[in-house]
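Residue numbering for the sequence shown follows this note's numbering, beginning at 846 and increasing consecutively.
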Amino acid sequence: MYAVINDRQRQHTVREGDVIVCDTLADVEPGQEITFDQISLLSDEGNVRVGKPTVEGASVTGKVVGPAKGPKLVVFKFKRRKNSRTKRGHRQAYTAVRITSIQA
Numbered sequence: 846m847y848a849v850i851n852d853r854q855r856q857h858t859v860r861e862g863d864v865i866v867c868d869t870l871a872d873v874e875p876g877q878e879i880t881f882d883q884i885s886l887l888s889d890e891g892n893v894r895v896g897k898p899t900v901e902g903a904s905v906t907g908k909v910v911g912p913a914k915g916p917k918l919v920v921f922k923f924k925r926r927k928n929s930r931t932k933r934g935h936r937q938a939y940t941a942v943r944i945t946s947i948q949a
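Written out as structure tokens, the structure reads:
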């Protein structure tokens with residue numbers, strides 16, 4: 846069984862036991878239960894339900910693992926012949942969530 850969930854602006858394909866990284870959730874603690882109720886697609890052994898726009902009565906439950914960070918990005922800007930150089934780094938903060946159950 847798998848589902849396609851909507852988490853704000855992103856979609857994730859999830860199965861039970863998967864760990865996904867969501868955008869930072871400010872008011873959650875590690876170990877806390879979180880429910881995703883916007884399910885776009887639900888598949889169970891060949892039986893596929895597609896939502897218009899969401900599947901009615903379906904939800905996905907997960908447990909917050911903790912904070913996570915994405916890969917480090919280096920942004921380097923320069924202007925030739927002007928001795929102008931700027932180097933900046935960025936590392937996006939995420940929240941890791943382990944999917945515990947999918948309810949149809």
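Glycine is no exception: its CB is placed at the ideal position from the N, C-alpha and C atoms.
No experiment lies behind these values; they were computed from the predicted model shown.
- The three-state reading of DSSP puts residue 869 in coil, since its state is none of H, G, I, E or B.
- Taking residue 921 as reference, the option from 870, 936, 931, 914 with the minimal CA-CA separation is 931.
- Excluding the 5 residues flanking it on each side, residue 880 has same chain C-beta neighbours closer than 6 Å at 904, 906, in chain order.
- Residue 915 and residue 936 do touch by the CB rule: their CB atoms are close to 6 Å apart, below 8 Å.
- If the five residues before and after residue 917 are omitted, its C-beta is found closer than 8 Å to the C-beta atoms of 934, 935, 936, all from its own chain and listed in chain order.
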